[in-house]
Amino acid sequence: MSGRSRRPGCRKLRGRRVRAGGIVPFSPAGPIPDPAASRMQKVIHMTSRHGTTTLWRPTGPKELDLVRELKWRAWPARLLGQPFFYPVLNEDYAVKIARDWNVKHDGAGFVTRFEVESQFLRRYPVRQAGGQTILELWVPAAELDDFNAHMAGEIEVVHEFR
1 MSGRSRRPGC RKLRGRRVRA GGIVPFSPAG PIPDPAASRM QKVIHMTSRH GTTTLWRPTG
61 PKELDLVREL KWRAWPARLL GQPFFYPVLN EDYAVKIARD WNVKHDGAGF VTRFEVESQF
121 LRRYPVRQAG GQTILELWVP AAELDDFNAH MAGEIEVVHE FR
């Protein structure tokens, strides 16, 4: 024991102290469901309209060009080393990533908005990637074609940062 006391609300994960909900545990078989996120998932899907759920995706110019080539109706296949597609459930979180990360790494950042059939989305657990409003879905890359087939309407750019 190091003699340091454990901070309230923290737990030890692989030698690091992690605030509850701060990291989604991951196993070789994939992400481990978060019970709190499962409760959030029910709330999110109940707020959708017309049987669809609004999702956002922060993206850089290269991915946006591929979306344009797909006529704004699908997300491109993931690259090697990208096992999941991560749409987010909160516009503010998407804005933060596009503005703070994509601009720095890609020279520009875009926030896209799109709709997916709510019933279909129930197969993907909601993941809390940080704070209570930092929510995302983890769609396995192998299922992206099926995900795209359940989109309703076009992908639209709602914010641009340079």
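Under full-length UniProt numbering, the first residue of the sequence shown is numbered 1, with each subsequent residue one higher.
Note that the Cβ used here is the ideal one computed from N, Cα and C, for glycine as well.
The model shown is predicted, which means the values in this text are computed figures rather than measured ones.
- Distance from Leu137 to Pro76 at the Cβ level is roughly 17 Å; contact not present, criterion being Cβ atoms closer than 8 Å.
- Beta-bridge annotation (DSSP): Val88 is paired with Trp56, Glu136.
- Between Ala98 and Pro61, the gap from beta carbon to beta carbon reaches 8 Å or more.
- Shown here, His150 sits in coil according to DSSP, grouped into three states, outside any helix or strand.
- Here Arg78 carries a coil assignment [DSSP, helix/strand/coil].
- With respect to the 8 Å criterion, Phe110 and Leu64 are classified as neighbours on the basis of their beta carbons.
- For Arg68, the enclosing alpha helix (DSSP H) has its first and last residue at 61-69.
- If you draw a straight line from the Cα of Glu91 to the Cα of Glu115, it comes to about 13 Å.
- Residue range 103-106 is occupied by the alpha helix (DSSP H) that includes Asp106.
- Only exposed fits Ala149, as fewer than 16 other CB atoms lie within 10 angstroms of its CB.
- Burial state of Thr52 is buried, judged by a 10 Å Cβ sphere holding 16 or more other Cβ atoms.
- Across the set Ile134, Leu144, Phe84, the C-alpha of Ile134 shows the shortest separation from the C-alpha of Tyr93.
- Per DSSP, Arg122 lies in no beta strand (DSSP E) segment and is marked neither H nor E.
- With a 10 Å radius around the Cβ and a threshold of 16 neighbouring Cβ atoms, Gln128 comes out buried.
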